[in-house]
Amino acid sequence: MNPLQKNIRATSTHIARSFTRHFASKADAEVAKPYPFSKNAIILPSSPEPLPPSLLKGTAIMAHVKNTLPPPAAKELLSTLFHPSHPSALRPGSIISLTLAHAPTNFAGVLTGVRHRGPDTSFVLRNVVQRTGVEMRFFVGSPEIKDIKVLTRAGEKGTKRMRRAKLTYLRDDASKMNAISASVRKAV
Amino acid sequence: MLRRLCATSRFSQARALHASYIACFASPVPEAAEASTQQWSPLSKRTGVIARKRGMTAMWDSNGARIPLTILQIENCQVTAHVEKPRRHSDPYVAVQIAASDRSAKNTTKAMLGHFEKAGVAPKRIVKEFEVTKDALLPVGTTLSAVHFVPGQFVDVVANSLGKGFAGVMKRWNFKGLRASHGVSVSHRSAGSTGQHQDPGRVFPGKKMAGRLGGKRITQQNLFVARIDTALNIIYVKGCVPGVDNAHVYISDATKKMVASAKVKMAKGKEPETWLPRGVDTLPFPAGTAEVAAQVADVIVAPAQGRNPWAPKE
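From first to last, the protein sequence lines stand for chains W and C.
When you read off a place in the first sequence, starting at 1, and then add 2, the result is the number in the working numbering.
When you read off a place in the second sequence, starting at 1, and then add 33, the result is the number in the working numbering.
Listed below in structure tokens is the structure:
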């Protein structure tokens, strides 16, 4: 077997949920349509709902792709924690801890901004690690994000509501960042 | 390129090419050298497709790598005519004329209405020819689908770039401009000198100067097809495509990484499995039509390319 293929198969097991065929029964597998042009192509299960004909003309096609392209795990996050206006959406200033599949396996910090772009939504966490300010941008749709733990929610009762969508001023505010990193260390 | 090397022999079509190619390269004959009408071979050239650029997004492959995607949707792309014109010193020019994007009859000229009626298709907004080999001709009225392209292959996308208006030399020609201070007066972004002195005493034609930039036909080559959706007729290509959203683009098999690469590999006597990019077994031939799409699943994704970027390099 091609060594590259072996590597792909080994790493894809834990994220295989989104990418492999799901069949309720053997009968479904038998009626599944084979793809003769590529042996290794991944065939995703199609949605049972019929598509409105206006989609074929391009009406609201980007909104449709936004809803259907992300795998289920990412869709869940995009519709709640990282939705632009969901009641339980994360507000900038919240303190979040991530568990990742790649290094660094854990990263916690204050949420300084969310960039809403549908499946390509990303967010930035800032923390002070070993006396160095560190910002990391993570993509919500990435399969490398294993777990998101919200330690403190900004704007809820008892916590301050940030008056900015993007907290880039924290880059120049060492005292505030020291306070934030101390509370991150305490909360984690 | 290969034709010019064998200038003495005249090429007609795939079967006659067989012996001539052998004479040119003196390499062992591949078993599948004869181009059949239903099987793709490097000696055949498939048609392209007219699509519309809908926007951009991103997905993650099975390695966990992010792939930026451009969404290209095929909007009722149908064959409207065959073109065959003789050429003086070469084989005849053979092309298939494709039209896309339905348009209301009241907005179509009588001339074009007659043309579309003869083809038996609805009136369309855009009509274009794609040069093909004779075995890749399609019946008039055939509807093309996203299944024409295989996830894992490469395509060339042609579109009109975004217009930048009257652009200065720094944007248009990457000039460095002048200093920001130290006495420079009112010409920080100008071109500076445009020539020498009394000899030649003129500005050479073609001197790079400010002017209109953009709005021209641009080909983006070798874009990877990451995913196709046969239900919505969408091709997701990796990377950027010139032009505005909803603009018409022409998509065809990549000249360098598909067409030429396969021809060279075949002429060198490589294994047929290596002629196409890794992961692509064969291409729908003569084209990926709506009938082919009906026999295939809705969403097909290319396997992950290259090594896992998150795994440590050994």
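Glycine included, each C-beta is placed from N, C-alpha and C at the ideal position.
Please read all numbers here as calculations on a predicted model, not as lab measurements.
**OP:** Please list, in chain order, all residues of the same chain as G95(W) whose beta carbon is under 6 Å from its beta carbon, the five residues on each side excluded.
**Re:** A156 and M164
Original post:
Nearest chain C C-beta to A110(W) closer than 8 Å, yes or no?
Top reply: no
**OP:** Please decide whether V62(C) counts as near chain W, where near means a Cβ-Cβ distance under 8 Å.
**Re:** Low confidence applies to V62(C): its pLDDT is 39, below 50, so where it sits in the model is not reliable enough to give any reading.
Original post:
If the cut is a Cβ gap below 8 Å, which residues of chain C does G60(W) touch?
Top reply: R85, R87, Q106, E108 and N279
Subject >> Partner residues on chain C for M64(W), Cβ-Cβ distance less than 7 Å >> reply: R87 and G88
Original post:
Do V173(C) and H115(C) have their CB atoms nearer than 8 Å?
Top reply: yes
Original post:
Which word fits E304(C), buried or exposed, when buried means at least 16 other C-beta atoms lie within 10 angstroms of its C-beta?
Top reply: exposed
Subject >> Reference R133(W), options A76(W), K68(W) and A181(W), closest by Cα >> reply: A181(W)
Original post:
For A295(C), which residues of its own chain have a beta-carbon under 8 Å away from its beta-carbon, when the five flanking residues on both sides are left out?
Top reply: P75, W308 and L309
**OP:** Classify L146(C) as buried or exposed, calling it buried when 16 or more other Cβ atoms lie within 10 Å of its own Cβ.
**Re:** exposed
Original post:
How would you write the range of the alpha helix (DSSP H) that E162(C) sits in, first residue to last?
Top reply: Where E162(C) is concerned, there is no enclosing alpha helix (DSSP H), although the beta strand (DSSP E) it sits in stretches over K157 to E164.
**OP:** Drop a sphere of 10 angstroms on the beta-carbon of M242(C), count the other beta-carbons inside from all chains shown, and report buried for 16 or more, exposed for fewer.
**Re:** exposed
Subject >> Spatial neighbours of V332(C) in its chain, beta-carbon cut-off 6 Å, leaving aside the 5 residues before and after >> reply: D262
**OP:** Could you tell me whether the segment 184 to 193 of chain C touches the segment 239 to 254 of chain C, using the rule of 3 or more Cβ pairs below 8 Å?
**Re:** yes
Original post:
For the beta strand (DSSP E) that K17(C) lies in, which residues bound it at each end?
Top reply: For residue 17(C) there is no data in the structure shown, the boundaries of chain C being 34 and 347.
**OP:** Below 8 Å on the Cβ atoms is my guess for K35(W) versus Q328(C); work out the distance and round it to an integer in Å.
**Re:** 6 Å
**OP:** Could you tell me which residues DSSP pairs with K86(C) in its beta bridges?
**Re:** L105(C)
**OP:** Could you have a look at L71(W) and say whether DSSP puts it in helix, strand or coil?
**Re:** coil
**OP:** Would you identify the three-state DSSP class for L146(C), choosing helix, strand or coil?
**Re:** helix
**OP:** Mind checking who N140(C) pairs with in its DSSP beta bridge?
**Re:** Answer by DSSP bridge pairing: none, since N140(C) is not bridged.
Subject >> Chain-order list of residues whose beta-carbon lies under 8 Å from that of H221(C) (same chain, five-residue window excluded) >> reply: G210, L211, R212 and A213
Subject >> Under 9 Å (Cβ pairs) to chain C, residues found in the segment 112 to 126 of chain W >> reply: R119, G120, P121 and D122
Subject >> D174(W) in three-state terms, based on DSSP >> reply: helix
Subject >> the segment 315 to 328 of chain C: positions lying closer than 8 Å to chain W by Cβ >> reply: T315, L316, P317 and Q328
Original post:
For Q229(C), is the classification buried or exposed, using 16 other Cβ atoms within 10 angstroms of its Cβ as the cut-off for buried?
Top reply: exposed
Original post:
Pairing CB atoms from the segment 175 to 189 of chain W with CB atoms from the segment 130 to 138 of chain C, are three or more of them under 8 Å?
Top reply: no
Original post:
Given a limit of 9 Å on CB to CB distance, which residues of the segment 74 to 107 of chain W reach chain C?
Top reply: A76, A103, H104 and A105
Original post:
In chain order, what residues of the same chain have a beta carbon less than 8 Å from the beta carbon of P63(C), not counting five sequence neighbours either side?
Top reply: Annotation note: pLDDT 41 at P63(C) (below 50); position unreliable, coordinate value reported separately. Hits under 8 Å: M299, G302 and P305.
Original post:
Is R87(C) closer than 8 Å to N279(C) when the C-beta atoms are compared?
Top reply: yes
Subject >> Closer than 8 Å to chain C by CB, V67(W) >> reply: yes
**OP:** Quick one: give me the first and last residue of the alpha helix (DSSP H) that M299(C) is part of.
**Re:** S294 to A300
**OP:** Would you kindly report the start and end of the unbroken alpha helix (DSSP H) that includes L57(W)?
**Re:** P55 to L58
**OP:** At 9 Å on the CB atoms, spell out the chain C contacts of E146(W), in chain order.
**Re:** W93, G97 and W343
Original post:
Since E324(C) is in the alpha helix (DSSP H), which residue starts that stretch and which ends it?
Top reply: A323 to A327
Original post:
Is it the case that the Cβ atoms of F163(C) and K157(C) are separated by a distance below 8 Å?
Top reply: no
**OP:** Closer than 9 Å, Cβ to Cβ, to anything on chain C: give me those residues from the segment 33 to 45 of chain W, in chain order.
**Re:** A34, K35, P36, Y37, P38, F39, S40, K41, N42, A43, I44 and I45
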